[in-house]
Amino acid sequence: MNIVVLTGAGISAESGLGTFRDVDGLWTKYDLNDVATPEGFARNPELVQDFYNRRRANARRAKPNAAHEALARLEAADGVSLSLVTQNVDDLHEQAGSCNVIHMHGQLARALCGACAHRWDAGEMMAVSDPCPACGRPATRPDVVWFGEMPYHMDRIFALLLAADLFVSIGTSGSVYPAAGFVAEARCSGVETLELNLEPSENHHVFDGGRYGPASEVVPLWVADVLGGAG
Ligand code: OAD
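So, in structure tokens, the structure goes:
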């Protein structure tokens, strides 16, 4: 079976990383226009670097939970081809043992040169004045996708969606495009669709089915069902 999974902040919530739009979410504490747009970075790069330095420090302390681990088991199983697309900038899928992770919104652990587009592994703390290892210019930014920028690997993701037997969305509110549109794209191509989330998301009605509860519970149960059926 060919499965495409999309994950969002909800899968990392029980690992202690905050979501964006829930009560106490990051966007209730910060204005996303200030910290997650190219315009915000141009206005106040120190504020933006500080925001991502804090998130990077939190992410480095976090450990994967049972949901990340279940997806790693699914990837390793015979008879299943799993493509794991994540909107998350943490590395909890990789820590859990997933190998083929597509980070469509970039990664906290990577740096990007705003001058020459060179990318490298980020240190714990990042500053705009850090010189690019390739061109030497001081234009360092986190290698994360901001609002108004094109997410990464879109052609590859749409090709994977069209070839899937099943599309599963886990822990995402379905409010940010293009990821929020993957379910409709999959359905138009006859792909079965399933939502796993704490509660029905904004576009739950587009899915063929849903299972609701904490990711650490619903994801392992779903994976066990798939592996039971596949075996
Ligand atoms: P959101 O904060 O928008 O949504 C998180 C979803 O996870 C909600 O639907 C919650 O109900 C659900 N959730 C919370 N706790 C959960 C748990 N324990 N188990 C399962 N589900 C749980 O986060 P995203 O959908 O990931 O982009 O946000 C999408 C994008 O918006 C992010 O990648 C980020 C953000 O702004 C950028 O910064 C570009």
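Heads up: the sequence shown runs through residues 45 to 275, numbered per our numbering.
Glycine included, each C-beta is placed from N, C-alpha and C at the ideal position.
| said: Count Cβ pairs between the region 255-267 and the region 96-115 that sit closer than 8 Å; are there 3 or more? | reply: Result yes; three or more Cβ-Cβ pairs closer than 8 Å.
| query | If you follow the alpha helix (DSSP H) that Asp94 is part of, which residue opens it and which one closes it? | reply | The count along the sequence shown starts at 1 and reaches residue 94 at position 50. 89-105 is the span of the alpha helix (DSSP H), which, as asked, contains Asp94.
| message | Taking 7 Å as the limit between beta carbons, can you name the residues of its chain near Asp174, skipping five residues before and five after? | response | Sequence index remark: in the sequence shown, residue 174 carries index 130 (1-based). Its chain contains Pro182, Thr184 as the residues whose beta carbon lies nearer than 7 Å to that of Asp174, once the 5 sequence neighbours on both sides are disregarded; these appear in chain order.
| task | Give every residue of the same chain whose Cβ lies closer than 6 Å to the Cβ of Ala121, excluding the five residues on either side of it in the sequence, and list them in chain order. | result | The sequence position of residue 121 within the sequence shown is 77, counting from 1. Result list for Ala121: Leu271, in chain order.
| beta strand (DSSP E) containing Thr237: first to last residue? | As a first step, residue 237 is located in the sequence shown; it is residue number 193 there, counting from the start. Taken as a continuous stretch (DSSP letters only), the beta strand (DSSP E) holding Thr237 covers 236-241.
| message | If you follow the alpha helix (DSSP H) that Phe226 is in, where does it begin and where does it stop? | response | Here residue 226 corresponds to residue number 182 of the sequence shown, with the count starting at 1. Looking at the DSSP string, the run of the alpha helix (DSSP H) that includes Phe226 is 226-232.
| Going straight from the alpha carbon of Pro82 to that of Gly218, what length do you get? | Along the sequence shown, one-based indexing puts residue 82 at 38. Along the sequence shown, one-based indexing puts residue 218 at 174. The alpha-carbon separation between Pro82 and Gly218 amounts to approximately 23 Å.
| request: Please determine, among Pro89, Arg99, Val49, the residue with the shortest C-alpha to C-alpha distance to Asp78. | output: Position 34 of the sequence shown, counting from 1, holds the residue named residue 78. Closest option to Asp78, judged by alpha-carbon separation, among Pro89, Arg99, Val49: Pro89.
| Using the C-alpha atoms, what's the distance from Ala223 back to Ala159? | Here residue 159 is taken as the residue at index 115 of the sequence shown, counted from 1. Here residue 223 is taken as the residue at index 179 of the sequence shown, counted from 1. Their Cα atoms are separated by approximately 28 Å.
| query | By the 10 Å Cβ neighbour count, where 16 or more other Cβ atoms means buried, how is Asp269 classified, buried or exposed? | reply | By 1-based counting over the sequence shown, the position of residue 269 is 225. It is exposed - the Cβ of Asp269 has fewer than 16 other Cβ atoms within 10 Å.
| message | Taking 6 Å as the limit between beta carbons, can you name the residues of its chain near Tyr36, skipping five residues before and five after? | response | Here the chain covers residues 45 to 275 and nothing more, so residue 36 does not appear.
| message | Within the continuous alpha helix (DSSP H) that includes Ala110, where are the two ends? | response | If you number the sequence shown from 1, residue 110 lands on position 66. Residues 110-120.
| Quick one: what's Asn46 bridged to in DSSP? | Residue mapping note: residue 46 aligns to position 2 of the sequence shown, counting from 1. Under DSSP, Asn46 takes part in a beta bridge, and its partners are Ser125.
| What does His147 pair with, by DSSP beta-bridge criteria? | Here residue 147 refers to the residue found at position 103 of the sequence shown. Thr130.
| task | Use the C-beta contact count for Phe85: other C-beta atoms within 10 angstroms, 16 or more gives buried, fewer gives exposed. | result | As a first step, residue 85 is located in the sequence shown; it is residue number 41 there, counting from the start. The residue in question, Phe85, is buried, as its Cβ has 16 or more Cβ neighbours within 10 Å.
| field | Beta-carbon spacing of Gly123, Met194 below 8 Å | value | Locating residue 123 in the sequence shown gives position 79, counting from the first residue. Locating residue 194 in the sequence shown gives position 150, counting from the first residue. Contact: no.
| query | Does any heavy atom of the ligand OAD sit closer than 7 Å to the C-beta of Glu229? | reply | By 1-based counting over the sequence shown, the position of residue 229 is 185. At a cut-off of 7 Å, the beta-carbon of Glu229 does not count as near the ligand OAD: no heavy atom of the ligand is closer than that.
| Does DSSP put Glu261 in a helix, in a strand, or in coil? | As a working mapping, residue 261 is identified with position 217 in the sequence shown. When secondary structure is reduced to three states using DSSP, Glu261 falls in the helix class.
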